[in-house]
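Under my numbering, think of the first position of the sequence shown as 1, with each following residue one higher.
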Amino acid sequence: GPAAVRRLIALGARFDADPGGVLELTREGGHLRRRIAHAGGDATGAEISRALLRALAEAGAGGDEGTGIDVIEHAMTIDLLRTEDGRAAGLTLHVIGEGQQDGVGAVHAPAVVLASGGLGQVFSATTNPPVSTGDGVAIALRAGARVADLEFVQFHPTVLWLGPGARGRQPLISEAVRGEGAVLTDGSGNRFMTGRHPLADLAPRDVVAKAIMSVLAQTGTDHVYLDGTHLGRPVWEHRFPTILASCAEHGIDPVTEPIPVVPAAHYASGGIRTDLRGRTSIPGLYACGEAACTGVHGANRLASNSLLEGLVFAEHIAADLAAGFPPPAIPAGDGRRPGLLEPSAVDQIQRLMTDLAGVLRSGPGLTRAAQRLREIGDQQSAKPSLAAWEATNLHLLATALVAAATLRTETRGSHWREDYPAPADDWLGHLIVTLGDGISVQFEPGEPDHA
Numbered sequence: 001g002p003a004a005v006r007r008l009i010a011l012g013a014r015f016d017a018d019p020g021g022v023l024e025l026t027r028e029g030g031h032l033r034r035r036i037a038h039a040g041g042d043a044t045g046a047e048i049s050r051a052l053l054r055a056l057a058e059a060g061a062g063g064d065e066g067t068g069i070d071v072i073e074h075a076m077t078i079d080l081l082r083t084e085d086g087r088a089a090g091l092t093l094h095v096i097g098e099g100q101q102d103g104v105g106a107v108h109a110p111a112v113v114l115a116s117g118g119l120g121q122v123f124s125a126t127t128n129p130p131v132s133t134g135d136g137v138a139i140a141l142r143a144g145a146r147v148a149d150l151e152f153v154q155f156h157p158t159v160l161w162l163g164p165g166a167r168g169r170q171p172l173i174s175e176a177v178r179g180e181g182a183v184l185t186d187g188s189g190n191r192f193m194t195g196r197h198p199l200a201d202l203a204p205r206d207v208v209a210k211a212i213m214s215v216l217a218q219t220g221t222d223h224v225y226l227d228g229t230h231l232g233r234p235v236w237e238h239r240f241p242t243i244l245a246s247c248a249e250h251g252i253d254p255v256t257e258p259i260p261v262v263p264a265a266h267y268a269s270g271g272i273r274t275d276l277r278g279r280t281s282i283p284g285l286y287a288c289g290e291a292a293c294t295g296v297h298g299a300n301r302l303a304s305n306s307l308l309e310g311l312v313f314a315e316h317i318a319a320d321l322a323a324g325f326p327p328p329a330i331p332a333g334d335g336r337r338p339g340l341l342e343p344s345a346v347d348q349i350q351r352l353m354t355d356l357a358g359v360l361r362s363g364p365g366l367t368r369a370a371q372r373l374r375e376i377g378d379q380q381s382a383k384p385s386l387a388a389w390e391a392t393n394l395h396l397l398a399t400a401l402v403a404a405a406t407l408r409t410e411t412r413g414s415h416w417r418e419d420y421p422a423p424a425d426d427w428l429g430h431l432i433v434t435l436g437d438g439i440s441v442q443f444e445p446g447e448p449d450h451a
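See below:
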């Protein structure tokens, strides 16, 4: 981990440091010590992206000699191409804004790495951007890959409350704010995390999200508050300039008033099952980042481990490919598929998933969700388009998630069953989802043997 961060710094990433060059480390949920590096106060992701994009551009400069990297921008990947014997052979894709609305092209390759991010858009309120429609996981499922732990969706406890019925991407209020001393209160100003967990307001995300939902149920309100008024303006301006600006856009000044917050879908701990080299169950297909399920996050990811996981496993994948690059692969078929869902179904999917398969889940609610998803699945009459491909992916992932959440009759990590409120040792293991004639979910006890 630390070595990967040092290599990132060598690429040009600028993390916050003191005048002597020592990284300024912070605490977040579930951490006992300050161990998290930030950039620009609360703009770490943007800085890492900047450094990597610059390195990519510099590498691409060698393209004329065949040593660079070709980049296809504004493209949506649609499906995996495979050889006759089942190896990965490339991808079909649609380049947005070029050609026909239903135009599909292809890239042939002997190895494919899916690093497409999360599936937060399955829910009506999420911290994820609009493109987080789980395309990589859906692609892998359709290709026959094993997908694991889909029931473990982490809901970030402190997302800016934008009013009743707010949908789409919601501004994240980082746990680092609580790491600096902000506290959660109910509408009367009473702290409610004290006594619930030894770390109080810095308890793991599932604990805090569940506590907030309990307060909302008890008080009949639709949000709680994050009070950081005692931190002072200098701390807000230096450590959290992005959050300060985001709150200001919505008429809130965190320096002088508590921030209204509520949980929202944030991170999928599950995804395409891989070994420790990033290899999936399909030869030549790799997965990395939130699209992957490496197993390192268990049932509830620790705050700020996702960027580190992406760095480490990207290097593992690169090393595995460098050790023995696969031979050329010839695709069998063009990868086109029928049966696309009407884009209008997305709103229905998001609302039912939030209501019936969100932070709080129960057997009856999940059964209703599965039934509604079957009914929505009958609306497969759309013509190929960006919106139809995304709607189809969201429906597939919602169906798989509900199936896994229904089968796991316990509460563990970020999976909370109201009808089974305690963990059960019989469920120590992974739920593996595959797609054949329909969704299949199998329990795999214990930890799998990583290659």
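Every residue gets a Cβ at the ideal spot worked out from N, C-alpha and C, and that includes glycine. Just so we're clear, the structure is a prediction, and the values are computed from it rather than from any experiment.
Thinking C-beta only, is residue j closer than 8 Å to residue i?
{"i": "P260", "j": "D42", "result": "no"}
{"i": "L25", "j": "A10", "result": "no"}
{"i": "L114", "j": "A89", "result": "no"}
{"i": "A400", "j": "V359", "result": "no"}
{"i": "G120", "j": "S132", "result": "yes"}
{"i": "H297", "j": "F155", "result": "no"}
{"i": "W161", "j": "V262", "result": "yes"}
{"i": "S124", "j": "R374", "result": "no"}
{"i": "I349", "j": "I243", "result": "no"}
{"i": "G289", "j": "G117", "result": "yes"}
{"i": "P254", "j": "W236", "result": "yes"}
{"i": "L91", "j": "A106", "result": "yes"}
{"i": "A291", "j": "I272", "result": "yes"}
{"i": "N300", "j": "R205", "result": "yes"}
{"i": "G21", "j": "V312", "result": "no"}
{"i": "A424", "j": "E410", "result": "yes"}
Any idea what DSSP makes of residue i, helix, strand or coil?
{"i": "S49", "result": "helix"}
{"i": "D437", "result": "coil"}
{"i": "G317", "result": "For the record, residue 317 in the displayed sequence is Ile; it is not Gly. DSSP places I317 in helix when its eight states are reduced to three."}
{"i": "L401", "result": "helix"}
{"i": "G12", "result": "coil"}
{"i": "T354", "result": "helix"}
{"i": "D79", "result": "strand"}
{"i": "L276", "result": "coil"}
{"i": "V262", "result": "strand"}
{"i": "T242", "result": "helix"}
{"i": "G105", "result": "strand"}
{"i": "P445", "result": "strand"}
{"i": "I72", "result": "coil"}
{"i": "I432", "result": "strand"}
{"i": "R372", "result": "helix"}
{"i": "T406", "result": "helix"}
{"i": "H94", "result": "strand"}
{"i": "I36", "result": "strand"}
{"i": "H415", "result": "strand"}
{"i": "T26", "result": "strand"}
{"i": "G228", "result": "coil"}
{"i": "R361", "result": "strand"}
{"i": "A329", "result": "coil"}
{"i": "C288", "result": "coil"}
{"i": "G271", "result": "strand"}
{"i": "A451", "result": "Note on A451: pLDDT 37, under 50, position unreliable in the model; the coordinate value appears next. Reduced to three states, the DSSP call for A451 is coil."}
{"i": "T294", "result": "coil"}
Could you check the C-alpha separation between residue i and residue j for me, to the nearest Å?
{"i": "H450", "j": "T274", "result": "Interpretation of H450 is limited by its pLDDT of 44, a score under 50 that renders its predicted location unreliable; the figure taken from the coordinates is listed afterwards. Going from the Cα of H450 to the Cα of T274 covers about 8 Å."}
{"i": "V137", "j": "E98", "result": "25 Å"}
{"i": "A203", "j": "A268", "result": "19 Å"}
{"i": "T44", "j": "F15", "result": "8 Å"}
{"i": "D201", "j": "G232", "result": "19 Å"}
{"i": "L477", "j": "L308", "result": "Outside the shown range of the chain (1 to 451) lies residue 477, about which nothing can therefore be said."}
{"i": "D320", "j": "V177", "result": "39 Å"}
{"i": "F443", "j": "S306", "result": "25 Å"}
{"i": "G436", "j": "S281", "result": "15 Å"}
{"i": "A357", "j": "P19", "result": "48 Å"}
{"i": "H74", "j": "G278", "result": "25 Å"}
{"i": "A314", "j": "G251", "result": "40 Å"}
{"i": "K383", "j": "Q218", "result": "46 Å"}
{"i": "G12", "j": "W427", "result": "44 Å"}
{"i": "G103", "j": "M76", "result": "11 Å"}
{"i": "R372", "j": "E47", "result": "41 Å"}
{"i": "L366", "j": "G40", "result": "42 Å"}
{"i": "A332", "j": "S344", "result": "33 Å"}
{"i": "I69", "j": "G363", "result": "49 Å"}
{"i": "I330", "j": "R412", "result": "43 Å"}
For chain D, check one thing: does any of its Cβ atoms lie closer than 8 Å to the Cβ of residue i?
{"i": "G271", "result": "This model lacks chain D altogether, as it is built from one protein chain only."}
**OP:** Just list the beta strand (DSSP E) runs in the stretch 142 to 206, keeping only unbroken ones of 3 residues or longer that don't cross its boundaries, in chain order.
**Re:** The stretch 142 to 206 contains these whole beta strand (DSSP E) runs: 153 to 160, 183 to 185.
Original post:
At a cut of 8 Å, does the stretch 138 to 156 reach the stretch 386 to 406 through at least three beta carbon pairs?
Top reply: Yes, the stretch 138 to 156 touches the stretch 386 to 406.
Original post:
So does the stretch 76 to 93 actually touch the stretch 220 to 235, counting three or more Cβ pairs closer than 8 Å?
Top reply: No: the two stretches stay apart, fewer than three of their Cβ pairs being nearer than 8 Å.
**OP:** Indicate whether the contact test is met: 3 or more Cβ pairs, each with one atom in the stretch 339 to 346 and one in the stretch 374 to 394, closer than 8 Å.
**Re:** Because the criterion of three Cβ pairs below 8 Å is met, the stretch 339 to 346 and the stretch 374 to 394 touch.
**OP:** State whether the stretch 164 to 172 contacts the stretch 187 to 202, with contact taken as three or more CB pairs (one from each stretch) at a distance under 8 Å.
**Re:** They do not touch, by the three-pair rule.
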